[in-house]
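Position one of the sequence shown corresponds to residue 2 (this note's numbering), numbered consecutively onward. Where a beta carbon is used, it is the ideal one built from N, C-alpha and C, also for glycine. Notes to accompany the following structure.
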Amino acid sequence: MSEDGSSFRAPKGTRDILPPESWRLEALYDLAADTFAAAAYAPIETPMFEHTEVFARGVGETSEVVNKQMYTFPDKGGRSLTLRPENTAPVVRAVLEHNLHRGALPVKLYYAGPQFRQERPQKGRYREFFQIGIEAIGAPGPTIDAEVIELGHRFLRDAGVEPHLKLNSIGHPADDCRLGYNRALVDYLQARVDDLAPGDRGRIETNPLRTFDSKEGRTREVMSTAPLITEHLCPDCKAHFERVQDLLRSVGVPFDVDPRIVRGLDYYTRTAFEFTAGGLGSQDAVGGGGRYDGLAESLGGEQIAGIGFALGVDRILLATGDNGPSRGSRVEVYVVAAGEDAARPAFALACRLRAGGIGAEIDHMARGMKAQMKDADRSGARWAAIVGPDELAAGEITLKNLREGVQERIPIDEVEGRVRS
Ligand code: HAM
Numbered sequence: 002m003s004e005d006g007s008s009f010r011a012p013k014g015t016r017d018i019l020p021p022e023s024w025r026l027e028a029l030y031d032l033a034a035d036t037f038a039a040a041a042y043a044p045i046e047t048p049m050f051e052h053t054e055v056f057a058r059g060v061g062e063t064s065e066v067v068n069k070q071m072y073t074f075p076d077k078g079g080r081s082l083t084l085r086p087e088n089t090a091p092v093v094r095a096v097l098e099h100n101l102h103r104g105a106l107p108v109k110l111y112y113a114g115p116q117f118r119q120e121r122p123q124k125g126r127y128r129e130f131f132q133i134g135i136e137a138i139g140a141p142g143p144t145i146d147a148e149v150i151e152l153g154h155r156f157l158r159d160a161g162v163e164p165h166l167k168l169n170s171i172g173h174p175a176d177d178c179r180l181g182y183n184r185a186l187v188d189y190l191q192a193r194v195d196d197l198a199p200g201d202r203g204r205i206e207t208n209p210l211r212t213f214d215s216k217e218g219r220t221r222e223v224m225s226t227a228p229l230i231t232e233h234l235c236p237d238c239k240a241h242f243e244r245v246q247d248l249l250r251s252v253g254v255p256f257d258v259d260p261r262i263v264r265g266l267d268y269y270t271r272t273a274f275e276f277t278a279g280g281l282g283s284q285d286a287v288g289g290g291g292r293y294d295g296l297a298e299s300l301g302g303e304q305i306a307g308i309g310f311a312l313g314v315d316r317i318l319l320a321t322g323d324n325g326p327s328r329g330s331r332v333e334v335y336v337v338a339a340g341e342d343a344a345r346p347a348f349a350l351a352c353r354l355r356a357g358g359i360g361a362e363i364d365h366m367a368r369g370m371k372a373q374m375k376d377a378d379r380s381g382a383r384w385a386a387i388v389g390p391d392e393l394a395a396g397e398i399t400l401k402n403l404r405e406g407v408q409e410r411i412p413i414d415e416v417e418g419r420v421r422s
């Protein structure tokens, strides 16, 4: 309820997306379908809620998303369910459940829809927000990394965002790679534990890499001289990372290597990346992603490689404002009914035009002829098709070109052809 108790409001952290912004959202979904279908990605829908374990095991208990932000509830059967806070773990769950990975590889999928995280709302940060994402599952080599990143970059550009791409490799969990690096980082952090912000000290135990994500000035100071993962990658991870960079350069996708990009979800291996955009304040990440070669195993399946990204639709809409792609209602012909007897044939004409793919609008407010003509101008229609008693008697209508102000009587059957020409 609002403060005076008179009406309901959308829950905190959620928002209604109204026209014309909703048209821009639709245009982004259309752009996603076009962009990703042209690279052989197929759409997937997974449920809005999953068994909580999918996220606990998939995304990881040490991530903030899982341990602080999930909307978790028991259903009437006592099962613990969670509104999806992200869609990568659900997609991999679906791939495993339906054995898609036993067919042609890689399995390439895209999705668009709401995600839910109980975060503190602010500009660009909501509790229900929308993501567009892709996942490519089953290909371990670097070409798919480059494909995924190039698609994300191009999508953002076509959506009107000038993205800045930050790229990193966080290696794989082995002693000669990330585990060894973790030890070096823990040693470094333990030696400076008193300089860290108190709230960050626990990260040394739980997930030292994530100390790079701290917003605390004291911690950031410590992290500015911390050892970097890029200096500890094993030869295979290093070669993979170099090849990804080489491929991106070959297609002119600009990027900066940023060894401090560690990502907030636990499933990442090797390639990790983020897209940022200007004008968004502190929530400037418009998308992020990476490789997750251990995720299928965490969900009880076999080892299957995977990589993908998700883009924050709300932030893209914020960043592009009126400059992004849009759509709108498409009224080409406004059918004007002059007099009560004309209402029925006017309605029939509007339906016939629509069925033929021509956008048509009609009065529903019992307006007089003059008011209908005004409404026709407001609707953006190019044509007014006037159905009146004289015209009806002759099986004709008056077709007026609203841009040029000229009109003529034509047989009713010729309206479609005339409007199309
Ligand atoms: P993520 O970095 O958690 O990654 O989210 C991706 C994007 O979703 C962010 O960059 C941001 O634009 C948007 N986003 C996240 N939280 C919010 C929020 N509370 N309000 C508004 N926008 C938000 C993932 O979700 C991974 N599943 C990405 C991925 C796909 N990795 C591999 N495949």
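(request) Please go through the same chain and pick out, in chain order, the residues whose beta-carbon is closer than 6 Å to the beta-carbon of Lys124, but skip the five residues on each side of it. (result) Here residue 124 refers to the residue found at position 123 of the sequence shown. So the list reads Gly282, once near-sequence residues are dropped.
(request) Decide if Val252 is buried, meaning its Cβ has at least 16 other Cβ atoms within 10 Å, or exposed. (result) Within the sequence shown, numbered from 1, the residue matching residue 252 stands at position 251. Counting Cβ neighbours within 10 Å, Val252 comes out exposed, since fewer than 16 surround it.
(message) Contact between the stretch 269-279 and the stretch 155-175 is defined here as three or more beta-carbon pairs at a separation below 8 Å; is this criterion met?
(response) yes
(request) Mark Gln373 as exposed unless 16 or more other C-beta atoms lie within 10 angstroms of its C-beta, in which case mark it buried. (result) Your numbering for residue 373 matches position 372 in the sequence shown. By the 10 Å Cβ count, Gln373 comes out buried.
(message) the ligand HAM and Glu298: does the residue's C-beta get closer than 8 Å to at least one heavy atom of that ligand?
(response) Here the question's residue 298 lines up with position 297 in the sequence shown. Because no heavy atom of the ligand HAM lies under 8 Å away, the Cβ of Glu298 does not count as near it: no.
(message) For Gly418 and Ala386, I'd like the C-alpha separation in whole angstroms.
(response) Residue 418 sits at position 417 when you count from the first residue of the sequence shown. Residue 386 sits at position 385 when you count from the first residue of the sequence shown. The straight-line gap from Cα to Cα measures roughly 13 Å.
(message) For a test of your reading of the model: does the CB of Asn100 fall under 8 Å from any non-hydrogen atom of the ligand HAM? Yes or no.
(response) Translated into the one-based positions of the sequence shown, residue 100 becomes position 99. No, the Cβ of Asn100 stays beyond 8 Å of every heavy atom of the ligand HAM.
(request) Classify Thr212 as helix, strand or coil using the three-state DSSP reduction. (result) Along the sequence shown, read from residue 1 onward, the residue named residue 212 stands at position 211. Three-state result, Thr212: helix.
(request) Report whether the distance from the Cβ of Glu120 to the nearest heavy atom of the ligand HAM is below 8 Å. (result) Residue 120 sits at position 119 when you count from the first residue of the sequence shown. Yes, since a heavy atom of the ligand HAM falls inside the 8 Å radius drawn around the Cβ of Glu120.
(message) With three or more C-beta pairs closer than 8 Å as the rule, is the stretch 236-252 touching the stretch 134-152?
(response) yes
(request) From the DSSP output, in three-state form, read off Ile305 for me. (result) Taking the first residue of the sequence shown as 1, we reach residue 305 at position 304. Residue state, collapsed to three classes: coil.
(message) According to DSSP, simplified to helix, strand and coil, what is Gly325?
(response) By one-based count along the sequence shown, residue 325 stands at place 324. The answer is coil: DSSP assigns Gly325 none of H, G, I, E or B.
(message) My output table needs one value for Lys77: the three-state DSSP class, helix, strand or coil.
(response) For the purposes of this step, residue 77 is taken as residue 76 along the sequence shown, with counting starting at 1. Lys77 falls in the coil class under three-state DSSP.
(request) Find out if the Cβ-Cβ distance for the pair Thr73, Thr89 is shorter than 9 Å. (result) Here residue 73 refers to the residue found at position 72 of the sequence shown. Here residue 89 refers to the residue found at position 88 of the sequence shown. No. Outside cutoff.
(request) Under 6 Å Cβ to Cβ from Asp259, same chain only, skipping five residues before and after it: list those, please. (result) Within the sequence shown, the letter at position 258 stands for residue 259. Within the same chain, Asp259 has close Cβ partners Lys167 and Asn169.
(message) Using CA atoms only, rank isn't needed, just tell me which of Arg331, Glu54, Ala33 and Glu51 is closest to Pro44.
(response) Mapped onto the sequence shown, residue 44 falls at position 43. Nearest option by C-alpha distance: Ala33.
(message) Quick check: what's the CA-CA separation for Gln119 versus Arg128?
(response) As a position in the sequence shown, residue 119 is number 118, starting the count at 1. As a position in the sequence shown, residue 128 is number 127, starting the count at 1. Distance between the alpha carbons of Gln119 and Arg128: 5 Å.
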